[in-house]
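Asker: Before anything else, here's the structure in question.
Protein chains: 2
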Amino acid sequence: MELDERKTKILQAIIKNYLETGEPVGSRTISKYTDLNLSSATIRNEMADLEELGFIVQPHTSAGRIPSDKGYRFYVDAMMLEHEKEVEQLKDVLLEKEEKLDHMLKQAAKLMAVNTNYATMVTAPRSSKNVLKFLQLSRMDASHILAVIVIEGNVIKNTVIDVAESLNDETMLKLNILLNTHLNGLSVEEINLGLITALKQQAGMYGPIIEEVIDAVAETIKEDEDLEIYTSGANNIFKYPELSDNQKASDLINAFEEKQLLTQLIDDTDSEGRNEIKVYIGEESPIQTMKDCSIVTANYEFGDGMRGMIGIIGPKRMDYDKVVGTIKTIKSQLDTMYKKDDN
Amino acid sequence: MELDERKTKILQAIIKNYLETGEPVGSRTISKYTDLNLSSATIRNEMADLEELGFIVQPHTSAGRIPSDKGYRFYVDAMMLEHEKEVEQLKDVLLEKEEKLDHMLKQAAKLMAVNTNYATMVTAPRSSKNVLKFLQLSRMDASHILAVIVIEGNVIKNTVIDVAESLNDETMLKLNILLNTHLNGLSVEEINLGLITALKQQAGMYGPIIEEVIDAVAETIKEDEDLEIYTSGANNIFKYPELSDNQKASDLINAFEEKQLLTQLIDDTDSEGRNEIKVYIGEESPIQTMKDCSIVTANYEFGDGMRGMIGIIGPKRMDYDKVVGTIKTIKSQLDTMYKKDDN
DNA sequence: CGTTAGCACTCATTTAAGTCGAGTGCTAAT
DNA sequence: ATTAGCACTCGACTTAAATGAGTGCTAACG
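Protein chains in written order, with my numbering: chain A, 1 to 343; chain B, 1001 to 1343.
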């Protein structure tokens, strides 16, 4: 048996209706919903076929049908093809203020949440390279040195280093020059033991400080690994009864609070379909506790190797159309942000 | 009518039992629960009195009694008096790693959440003074200057400033000296227009840069105002049926995600009872959506004018004893952290 | 006079039975 | 191939009765 055109139309009508109502949909409804002018009996026959094909299921005998994961998948795939509109007015809101990165991402998450009524997440961009761009030591007071570390993509980190004895200005200058000359442009992997030893030798009696600085650099960059994730709209899940029974809601909220779990959504998109939007439906989700949800994600590029992720999490009956649209908009927005941010 | 000793005992037994079970408690239960050896009938008489006094209420006729807000209040007040144990092993966990401030606070929140099974919050310490401690401009590349701003309490902020033309080393040095000489030790309020004008004059052709820097400083410090709040254990509310119906849970989760609302819990403690632990029960809460909860908060001092808040939010029938204990421990931990962090 | 046993009464909760209706599958007619 | 008709299913809702925890009151007791 094949999915002919009529079956397709009926299937789409069923899914569409279910997305709106959240209720199982019966043959009678479809009989009127479509412009096919078919009686409910005919629809019933077709529905039986569609069920046999695995696109829809009955939650129980003598109830209407609801889409199976396969059904959703079919619907999403079809939709993705013809999806090409865009450029909504969201852009302006996002650009309104060229704020600091974290504020911007927070806002992006919120924007998506408000716009779609689902839970959303945005990860800070992370460089796969972690190239050191700039390093600056300053004497804060007698026993503290402030190290400012800038890595590619203008991610800035600070560390305070304790020193036993105060260093004079000249020494500070020397150390700064020494470090910047040798380390700038190197990735963290390239800063190996040999290089460190050489530097320490050049620094003479200040070798220990060099070591401390480099340790701090390494740790700071590494710290960036457990990356920031901004979420918003977690409480939207309460708008969907199928997600808000106690156990499920608790699990979901937990995932959104811990954020640790959400990292599983990252990086899958890396190798294969470049820059594609991914849709996980139900059991397809890499996160077990979200098997009653659908998840739509996309990566964004933040210039030169920096990449982050945005995602929307909602019930399986989410408005895929809108969600994909929103994701695309935000994604392209973030994609172009880097140049903007850099001028 | 007065609260004699027997009534007090009965009241405490009622509350204690209700805290454990979450169910209205009847006379029969109390009759056995206490060592008073009284029949249920006697208890009933006493309960009628207690109800008349406003310490307990009946959710409906012919159900057991539950504590009123006033009842909780009585219980908490009594408990606070005799509460003096402390020094749990929590300390070690918290000290285990002298991590960066935000990690530490996050951990503190989590620790409390795990320990108590309630929702918790920790705000980053905020200085009431905002004194500029140290300022450093560095040339990052031709068109960008990195400004590092350290304010009292070792809060470090970065800003990137765009400049039209590149500045040479000498100029940078001059600017740094100029700025540090005149601004260090001043609060943001003290950096007024007169001072700025004077500085600009001294900077000559680089006046505009001075202005940008000071703007950045002002904005950065101000940005600190919408302070960080770390939360944990929000999903614990699902463990308490009285909080997890859809509407309430949604409201609570929302408060914890938005965090904006939580700021209302801050600063009340400021003027009056110094360093006291505050307990808001039910309607006493400054946050409307939390009127079914109890909230326990405390301020902690982070050295020299920096102060933050920790709080635990749970159902009215929370284990006040444990919560106050936990809060005290964490508070004293954070109080002493500053010295630790500074050595 | 405080305490207690006894008892009638209340009322949320649970259980069972019954009704309703949306929806199905099948068959026969068009 | 399509449709009308009909018996059947089964969850959802309604109603009624049973249950039982708990109360308030009264009368008896030490």
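A virtual CB, placed ideally from N, CA and C, is assigned to each residue, including glycine. This structure is a prediction, so every number in the text was calculated from the model and none was measured.
For the beta strand (DSSP E) that residue 140/A lies in, which residues bound it at each end?
Answerer: Translated into positions along the first sequence, residue 140/A becomes position 140. Taken as a continuous stretch (DSSP letters only), the beta strand (DSSP E) holding residue 140/A covers 132-141.
Asker: Within a Cβ cutoff of 7 Å, which residues of the same chain sit near residue 251/A, ignoring the five residues on either side of it in sequence?
Answerer: Stepping through the first sequence from its first residue, residue 251/A is reached at position 251. Once the five neighbours on either side are set aside, the close Cβ partners of residue 251/A are 289.
Asker: Does residue 114/A have its Cβ less than 7 Å from a Cβ in chain B?
Answerer: Walking along the first sequence from the start, residue 114/A turns up at place 114. Chain B, which has no Cβ nearer than 7 Å to the Cβ of residue 114/A, makes this no.
Asker: Got a sec? Which residues, its chain only, sit under 6 Å from residue 63/A by beta carbon, not counting five neighbours each side?
Answerer: The residue you call residue 63/A lines up with position 63 of the first sequence. Only 24 meet the Cβ criterion.
Asker: Rounded to whole angstroms, what is the Cα-Cα separation between residue 34/A and residue 13/A?
Answerer: Here residue 34/A corresponds to residue number 34 of the first sequence, with the count starting at 1. Here residue 13/A corresponds to residue number 13 of the first sequence, with the count starting at 1. Cα to Cα, the separation comes out at about 7 Å.
Asker: If the cut-off is 7 Å on Cβ atoms, which residues from the stretch 117-150 of chain A count as contacting chain B, listed in chain order?
Answerer: Of all residues in the stretch 117-150 of chain A, 134, 136, 138, 140, 146, 148 and 150 have a Cβ within less than 7 Å of some Cβ in chain B.
Asker: When Cβ atoms are compared, which residues of the stretch 233-256 of chain A fall closer than 7 Å to chain B?
Answerer: Going along the stretch 233-256 of chain A in chain order, one finds 234, 235, 238, 244, 246, 249, 250, 253 and 254 with a Cβ nearer than 7 Å to chain B.
Asker: Could you tell me whether the Cβ of residue 1007/B comes closer than 7 Å to any Cβ of chain A?
Answerer: For the purposes of this step, residue 1007/B is identified with residue 7 of the second sequence, where counting begins at 1. So, not an interface residue.
Asker: What is the rounded straight-line gap between the Cα of residue 237/A and the Cα of residue 105/A?
Answerer: Translated into the one-based positions of the first sequence, residue 237/A becomes position 237. Translated into the one-based positions of the first sequence, residue 105/A becomes position 105. When rounded, the distance between both Cα atoms is 21 Å.
Asker: What is the DSSP secondary structure of residue 1187/B, reduced to helix, strand or coil?
Answerer: Stepping through the second sequence from its first residue, residue 1187/B is reached at position 187. Here residue 1187/B sits in strand by DSSP.
Asker: Taking 8 Å as the threshold, find out whether the stretch 1323-1334 of chain B comes into contact with the stretch 1156-1164 of chain B through three or more Cβ pairs.
Answerer: Counting Cβ pairs under 8 Å, fewer than three are found: no touch.
Asker: Return no unless some Cβ of chain B is closer than 7 Å to the Cβ of residue 180/A.
Answerer: Translated into positions along the first sequence, residue 180/A becomes position 180. False, the Cβ-Cβ gap to chain B never drops below 7 Å.
Asker: Give the interface partners of residue 158/A over in chain B, defined as CB-CB distance under 8 Å, in chain order.
Answerer: To locate residue 158/A, count along the first sequence from 1; it is residue 158. Correct list: 1148, 1156 and 1158.
Asker: In chain order, what residues of the same chain lie with their CB nearer than 8 Å to the CB of residue 187/A, ignoring the 5 residues before and after it?
Answerer: Taking the first residue of the first sequence as 1, we reach residue 187/A at position 187. The answer, listed in chain order, is 129, 130, 131 and 132.
Asker: Would the beta-carbon of residue 308/A fall within 7 Å of that of residue 297/A?
Answerer: On the first sequence, position 308 is the one that residue 308/A refers to. On the first sequence, position 297 is the one that residue 297/A refers to. Taking 7 Å as the Cβ cut-off, residue 308/A and residue 297/A do not qualify as a contacting pair.
Asker: Excluding the 5 residues preceding and the 5 following residue 203/A in the sequence, name in chain order all residues of the same chain whose CB lies nearer than 6 Å to its CB.
Answerer: Position 203 of the first sequence, counted from the first residue, corresponds to residue 203/A. Answer for residue 203/A: 210, listed in chain order.
Asker: Which of the three DSSP states, helix, strand or coil, is assigned to residue 1163/B?
Answerer: As a first step, residue 1163/B must be located in the second sequence, where it is residue number 163. Coil, per DSSP.
Asker: From the DSSP output, in three-state form, read off residue 1244/B for me.
Answerer: Counting from one through the second sequence, the residue named residue 1244/B turns up at place 244. It is coil, neither helix nor strand.
Asker: In chain order, what residues of the same chain lie with their CB nearer than 6 Å to the CB of residue 126/A, ignoring the 5 residues before and after it?
Answerer: Stepping through the first sequence from its first residue, residue 126/A is reached at position 126. Only 227 meet the Cβ criterion.
Asker: Which value, in whole angstroms, describes the spacing of the CA atoms of residue 1179/B and residue 256/A?
Answerer: Residue mapping note: residue 1179/B aligns to position 179 of the second sequence, counting from 1. Residue mapping note: residue 256/A aligns to position 256 of the first sequence, counting from 1. Rounded to whole angstroms, residue 1179/B to residue 256/A spans 43 Å at the Cα level.
Asker: Given a threshold of 16 other Cβ atoms within 10 Å of its Cβ, counted over all protein chains shown, does residue 89/A qualify as buried or as exposed?
Answerer: Position 89 of the first sequence, counted from the first residue, corresponds to residue 89/A. Confidence at residue 89/A is low in this model, with a pLDDT of 36, below 50, so the placement of that residue should be treated as unreliable; the coordinate-derived value is given next. Looking at its Cβ environment, which holds fewer than 16 other Cβ atoms inside 10 Å, residue 89/A is exposed.
Asker: Would the stretch 135-149 of chain A count as touching the stretch 103-123 of chain A if we require 3 or more Cβ pairs under 8 Å?
Answerer: The stretch 135-149 of chain A vs the stretch 103-123 of chain A: no contact.
Asker: Output the distance between the C-alpha atoms of residue 1171/B and residue 1281/B, rounded to the nearest integer angstrom.
Answerer: Sequence index remark: in the second sequence, residue 1171/B carries index 171 (1-based). Sequence index remark: in the second sequence, residue 1281/B carries index 281 (1-based). Cα to Cα, the separation comes out at about 60 Å.
Asker: Does the separation of the CB atoms of residue 69/A and residue 283/A fall below 7 Å?
Answerer: Here residue 69/A corresponds to residue number 69 of the first sequence, with the count starting at 1. Here residue 283/A corresponds to residue number 283 of the first sequence, with the count starting at 1. Yes, Cβ-Cβ distance for residue 69/A and residue 283/A is below 7 Å.
Asker: Measuring CB to CB, does residue 229/A end up less than 7 Å from residue 214/A?
Answerer: In the first sequence, residue 229/A corresponds to position 229, counting from 1. In the first sequence, residue 214/A corresponds to position 214, counting from 1. Going by C-beta atoms, residue 229/A is not nearer than 7 Å to residue 214/A.
Asker: Measuring only the C-alpha atoms, how far is residue 327/A from residue 313/A?
Answerer: If you number the first sequence from 1, residue 327/A lands on position 327. If you number the first sequence from 1, residue 313/A lands on position 313. Between residue 327/A and residue 313/A, the C-alpha separation is close to 11 Å.
Asker: So with Cβ pairs under 7 Å, would you call residue 97/A a contact of chain B?
Answerer: What you label residue 97/A is simply residue 97 of the first sequence in a count that begins at 1. Only weak support exists for where residue 97/A lies, its pLDDT of 34 falling under 50; the value from the coordinates is given anyway. Residue 97/A does not count as touching chain B.
Asker: Taking residue 1043/B and residue 1030/B to be in contact with their CB atoms under 8 Å, please state how far apart those CB atoms are, rounded to whole angstroms.
Answerer: Position 43 of the second sequence, counting from 1, holds the residue named residue 1043/B. Position 30 of the second sequence, counting from 1, holds the residue named residue 1030/B. Yes, residue 1043/B and residue 1030/B are in contact; Cβ-Cβ is about 5 Å, under 8 Å.
Asker: Out of 1249/B, 1002/B and 1206/B, which has the shortest C-alpha to C-alpha gap to residue 1173/B?
Answerer: Looking up residue 1173/B in the second sequence gives position 173. Looking at the Cα atoms, 1206/B is the closest of the given residues.
Asker: Can you give the beta carbon distance from residue 120/A to residue 232/A, rounded, assuming they're within the 8 Å contact cut?
Answerer: Position 120 of the first sequence, counted from the first residue, corresponds to residue 120/A. Position 232 of the first sequence, counted from the first residue, corresponds to residue 232/A. Confirmed, Cβ separation roughly 5 Å.
Asker: Where residue 73/A and residue 317/A are concerned, what is the direct C-alpha to C-alpha distance, given to the nearest angstrom?
Answerer: The residue labelled residue 73/A in the question sits at position 73 within the first sequence. The residue labelled residue 317/A in the question sits at position 317 within the first sequence. Each residue's alpha carbon lies about 11 Å from the other.
Asker: Considering only residues of the stretch 1010-1056 of chain B, which uninterrupted alpha helix (DSSP H) runs meet the minimum length of 4 residues and lie entirely inside it, listed in chain order?
Answerer: 1027-1033 and 1040-1053, all fully within the stretch 1010-1056 of chain B.
Asker: If you scan the stretch 1193-1229 of chain B from start to end, which runs of the beta strand (DSSP E) of 3 or more residues do you find wholly inside it?
Answerer: Listed in chain order, there is nothing to give.
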